[in-house]
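Below is one structure, written out as structure tokens; the observations come after it.
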Amino acid sequence: MSKQEPHEHEPHEHELREHELREPTLLMLTALADAPRHGYAIAQEVKGLSGGRVVLRTGTLYGALERLLKDGLIAVEREEVVTGRARKVYALAEPGRRRLAAEAERMAATAREATRRLGISAAATAPA
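Start counting the sequence shown at 38; every next residue gets the next number (the working numbering).
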């Protein structure tokens, strides 16, 4: 499997209404699942979660955050001033938590079926 180049992707509004979340949106919601974060921290989490494949530039990141806010999947937990600059701290809203959980279950079910069809045992795929 070749390593993919990092790519920038802007989650589209229509993907939030579809069953399956696109990877950048999924990663953004995942980044907020365990703790609220400000924009730069979200971008760093997304980069780390994707192994560097997904890099969200500033304009893309904040546009996506605005769409997720509008769709009620995330919320602004608080605003703070750091070194003279205002920044928002975002948190996963309950609808976002439900959406992320549903997507995680869908992906897990697909992975289980792929593993079954490939004849790979769970023990063979567990990290050593």
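Every residue gets a Cβ at the ideal spot worked out from N, C-alpha and C, and that includes glycine. All values derive from a computational prediction rather than experimental measurement.
Local conformation of residue i per DSSP, three classes
| i | result |
| --- | --- |
| L53 | For L53, the predicted model reports a pLDDT of 43, less than 50, meaning its position is unreliable; a value from the coordinates is still stated below. Looking at L53 - three-state DSSP - the assignment turns out to be helix. |
| V92 | coil |
| S39 | Because S39 carries a pLDDT of 45, less than 50, the predicted location of this residue cannot be relied on, and no value is offered for it. |
| L66 | helix |
| P48 | Since pLDDT at P48 reaches only 49, below the 50 mark, its modelled position is unreliable, and the value read off the structure follows with that caveat. Of the three classes helix, strand and coil, the one that applies to P48 here is coil, per DSSP. |
| P61 | helix |
Pair within 8 Å by beta-carbon distance, residue i and residue j
| i | j | result |
| --- | --- | --- |
| G239 | L106 | Because the chain spans 38 through 165 in this model, residue 239 falls outside it and cannot be assessed. |
| A130 | I157 | no |
| Y29 | P73 | As shown, the chain starts at 38 and ends at 165. That puts residue 29 outside it, with no answer to give. |
Residue span of the alpha helix (DSSP H) that contains residue i, given as start and end
| i | result |
| --- | --- |
| A78 | G76 to L86 |
Check your understanding: Which ranges does the beta strand (DSSP E) cover as unbroken runs of at least 3 residues, wholly within the stretch 99-159, from first to last along the chain?
Key -> 111-119 and 122-129
Check your understanding: For the 8 Å Cβ check, are there 3 or more pairs between the stretch 128-141 and the stretch 89-103?
Key -> no
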